[in-house]
Amino acid sequence: MVSDLQVTTSPRPQSRLALEVLVPAERCQRSYDKAMRKLCRTVRLPGFRPGRVPQTAVLQQLGTRQVWITALEQLLEDTAQDVLNNGNLDLLGKLQLQDSFDVLAQQFKPGESLTLNMEADVRPAATLKTYRDLEVEVEETSVEAMLEEVLQEQRRSAGATVPLKRTTAERGDVAVIRLVLPPPASPDGEISPEPDARELEVDLVEKQAFTSELIPTVVGMTVGETRTISDDARQDVDQDERTSDVSITLCELKARQLPDLDDALARKVSGLATMAELKDALRQEVEVQVRKSNRESRRDALLRVLCEDMAVDLPRSMVEQEMEVVLEDYRNEFVSRGLPDIRFNDTLLAQLEPARLEEAQRRLQRNLVLETVAREEQLTVPETELETQVRTLRKRLETRQARKLDPTRLRAFVKTTLLREKALAWLEEHNTFKVRTAMAEGGETTQSGPAVASDLTESIPE
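Here's what the structure looks like:
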């Protein structure tokens with residue numbers, strides 16, 4: 001940080017920091033001189049060559065006060081950047097002036113010191129009462145249970161849907177719906193006359209972020225019925241004037257016809273002669289999946305317990321940034337469901353906001369738990385391991401994407417991710433798990449397991 005700034009800090013609620021910044025007279029004078037030189041180069045006046053306008057002419061044309069305001073704007077910009085670059089403060093987002101610009105303009109004079117009052121979010125200080133020697137309850141999946149799920153999915157992929165005579169939607173049905181979203185607004189604020197309508201098939205048993213929001217609405221509808229999801233934020237608008245409602249029309253109901261789990265199905269989905277051969281072929285892959293799934297279940301259960309015990313104030317800027325990451329995940333889900341051009345208008349964003357907020361807070365809390373453990377236990381990442389992971393990540397990315405990444409930020413991101421993994425491994429080593437297996441009748445065992453490596457390509461900063 002530039003040494004001529006004197007900064008006094010005091011904590012504020014919700015992980016914010018108040019800063020009183022004393023800008024010395026010399027810096028104020030330099031800002032004035034810099035602003036004057038810039039104006040002399042850029043101001044165009046009759047009788048003077050461009051870039052050669054004298055200071056007296058600039059002052060006569062613009063007035064002393066306007067030149068001072070230009071100098072103050074430059075001073076605020078440079079000072080804010082220097083404060084943000086102070087690594088000891090660990091500031092997030094932007095600095096916010098607590099005094100109005102008009103007040104500062106009245107106080108600013110070249111050659112005199114100036115006091116700036118600012119606030120900014122800071123990285124939250126999380127505290128954990130205890131994070132070791134815990135007994136955490138967790139439910140794990142057996143190989144047989146997952147093998148059955150895989151075989152059922154094979155049945156679904158090989159099956160077909162047939163129309164239903166029944167006209168009222170029930171759970172387990174396949175519903176063909178027409179989803180009509182509000183018409184998008186143009187950049188000038190005008191509403192397009194054409195709504196965003198599309199037809200899609202919704203399985204009323206899936207538990208996905210998108211369809212789970214639709215299922216309660218669709219269940220109980222009759223074929224041909226339309227239901228409207230209103231924008232609660234606009235209750236003051238007359239119903240006939242609303243343009244931000246989402247409507248769902250049930251067009252058709254279908255049922256899935258699933259084939260038997262027999263040799264014919266095995267031949268159809270795999271080319272193997274018998275169902276026994278298919279099960280044997282799938283078992284090894286399922287065993288790997290079960291080990292990974294159970295490790296993830298332990299991690300989730302452990303972090304859930306620790307998050308409940310953690311005291312932390314999440315700063316708003318950090319939550320908002322993470323909500324954007326969650327929104328991008330939603331976009332990817334829409335694309336995977338055949339809706340690549342879905343428009344996230346204000347109504348849809350408002351409906352998704354509670355879920356986005358909850359998920360963003362959950363992710364941040366989990367990360368803070370791991371970072372707190374890494375700090376308390378003084379965990380480190382060897383330089384050779386860090387360099388290897390950075391090179392590996394760059395190779396996994398497309399050349400153009402890799403070139404866009406800032407090397408310093410990429411390195412910091414990889415280091416933070418590796419520290420979280422080490423903290424997770426440490427937590428699993430120093431805690432125990434009371435396990436309930438999905439297919440076991442009352443059987444419970446207590447054991448510990450290794451950590452799960454995270455995907456380093458998630459949320460990479462550019």
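If you're matching positions, the sequence shown starts at 1 in UniProt numbering and goes up one per residue.
A virtual CB, placed ideally from N, CA and C, is assigned to each residue, including glycine.
- In the three-state DSSP reduction, Leu134 falls in the coil class, being neither helix nor strand.
- At a Cβ-Cβ threshold of 8 Å, Val23 and Leu114 count as neighbours.
- As for any beta strand (DSSP E) of minimum length 3 sitting wholly inside the stretch 15-60, the runs are 16-23, ordered along the chain.
- Exposed is the label assigned to Glu328, since fewer than 16 other Cβ atoms lie within 10 Å of its Cβ.
- In the three-state scheme derived from DSSP, where H, G and I count as helix and E and B as strand, Met318 is classed as helix.
- Excluding the 5 residues flanking it on each side, Arg363 has same chain C-beta neighbours closer than 7 Å at Glu322, in chain order.
- Counted as a single uninterrupted DSSP element, the beta strand (DSSP E) harbouring Pro163 occupies residues Ala160 to Pro163.
- If you draw a straight line from the Cα of Glu377 to the Cα of Ala126, it is about 14 Å long.
- Following the DSSP letters along the chain, one finds Phe433 inside the beta strand (DSSP E) bounded by residues Thr432 to Thr437.
- Comparing alpha carbon positions, the residue from Arg375, Arg298 and Arg394 closest to Val414 is Arg394.
- Following the DSSP letters along the chain, one finds Glu225 in no alpha helix (DSSP H), marked with neither H nor E.
- Rounded to the nearest angstrom, the gap between the Cα atoms of Leu200 and Leu151 is 26 Å.
- Distance between Arg298 and Phe433, taken at the CA atoms: about 7 Å.
- Counting C-beta atoms within 10 angstroms of its own C-beta, Lys422 has 16 or more neighbours from the protein chains shown and is therefore classed as buried.
- Under a 10 Å Cβ-count criterion, Asp173 is classified as buried, with 16 or more other Cβ atoms of the shown protein chains found around its own Cβ.
- In the DSSP assignment, Pro11 falls within the unbroken beta strand (DSSP E) covering Gln6 to Arg12.
- Look at the beta carbons and you see the stretch 252-259 touching the stretch 147-162: at least three pairs across the two are nearer than 8 Å.
- When DSSP states are grouped into helix, strand and coil, Leu253 belongs to the strand group.
- Sequence-distant Cβ neighbours of Val286 in its own chain, meaning closer than 7 Å and more than five residues away, are Val143, Met146, Leu147 and Val150.
- Look at the beta carbons and you see the stretch 365-375 not touching the stretch 387-407: under three pairs across the two are nearer than 8 Å.
- For Thr417, the enclosing alpha helix (DSSP H) begins and ends at Pro407 to Glu429.
- By the CB criterion at 8 Å, Glu119 and Leu17 fall inside the cutoff.
- For Gln284, DSSP assigns no beta-bridge partner whatsoever.
- Put simply, of Ile248, Ala160, Lys129 and Leu410 the residue whose alpha carbon is nearest the alpha carbon of Glu308 is Lys129.
- Per DSSP, the unbroken alpha helix (DSSP H) holding Arg65 starts and ends at Thr64 to Leu84.
- Residue Arg304 holds the alpha-carbon nearest to the alpha-carbon of Leu427 among Arg304, Leu386 and Phe334.
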